[in-house]
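Residue numbers (the numbering used here): 733 to 850. To start, the structure under review is shown below, and the notes come after it.
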């Protein structure tokens, strides 16, 4: 049985650019907590409490020695009025998307500025 090939960094990208982006993502997002909420999105009540934190992968970096997951902690709140759960509002994710906002924005910008048919 063959083992999977080791992933390598893209040779087309300058190393200084790749390192700058990876360093920024590690410093800005790794282990950061998001726990801001103003009101329950279900009943609009301000009577809620922080129930727990959920770990979510923001992105996965390809490093020289393997992969590194950048994880963030998302606050999960529970409303005392309607007993429903909801997550913090200031998360770095678009609703229904499992990739971080900066990653999605970069992909959208790249597809708009450099379409596949050019």
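For glycine and all other residues, C-beta sits at the position ideal for the given N, C-alpha and C.
Does residue 843 pass the burial test, meaning 16 or more other C-beta atoms within 10 Å, or should it be called exposed?
exposed
Where are the beta strand (DSSP E) runs, 3 residues long or more, that stay fully inside the region 791-847, in chain order?
798-811, 817-819
Please state if the CB of residue 761 and the CB of residue 808 are separated by a distance shorter than 8 Å.
no
Specify the secondary structure class of residue 764 as computed by DSSP and reduced to three states.
coil
Work out the CA separation of residue 830 and residue 839 for me, nearest whole Å.
Distance from the CA of residue 839 to the CA of residue 830, rounded to the nearest whole angstrom, comes to 14 Å.
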